[in-house]
Amino acid sequence: MRDDHAHRRLLDRIREDRLVTRRDYLRLLATVSGGLLAGTAAVASGIFRRRGSGTTTEKKVADSVEPGDSFTFDYPGEDDPAIGVRLADGSIVAYSSVCTHLACAVLWIKEKNELECPCHDGIFNVRTGEVEAGPPPRPLPRIALEERPDGIYAVGVIE
Ligand code: FES
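By this note's numbering, the letter at position 107 of the sequence shown is numbered 102, and the numbering carries on one by one without gaps.
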């Protein structure tokens, strides 16, 4: 009699465990599905867009700059730091100043005529933005500039 009662309680507990497991499984499934749905919606709305990709917005970024000097600005967004340099031949180049390695700020070193990332000694070619030394895996994204009578304008990001 006592064993029968204990046996029945054990069976009840096993049934409850199964229900809980099934309920937990459904809860987990709903959570994962909701997460996937939210992630898909975030990607579709552009929350995870790469900084500065594909813009053609025009923005005045400097009044003027002398050969060998640099200027900094934000482009295409307010949180997209960039650097421009007027080369000795008079041409002007500009790049994102976010290092493609671990996102340190890239600096213009006039004496060496190069763009340098001080964090891990990354060096970028000032004419092309290509990596010349160090760990950066990609060149710096280039920003197209136009010189106009009233100043220097950023007119797009060249991918
Ligand atoms: S963050 Fe620029 S070289 Fe590492």
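Beta carbons are placed, not taken as given, at the ideal position from N, Cα and C, and that holds for glycine.
With contacts defined as CB atoms closer than 8 Å, G117 and A128 qualify as a contacting pair. When only Cα atoms are considered, P131 and P113 end up about 12 Å apart. In the assembly as shown, G79 is a buried residue. Its beta-carbon has 16 or more other beta-carbons within 10 Å.
Between V56 and Y148, the C-beta gap is smaller than 8 Å, which places the two residues in contact. By the 16-neighbour rule on beta-carbons within 10 angstroms, R81 is buried.
Taking every residue with its beta carbon within less than 6 Å of a heavy atom belonging to ligand 1 gives, in chain order, C94, H96, L97, C99, C112, C114, H115, G117, G129, P130 and P131.
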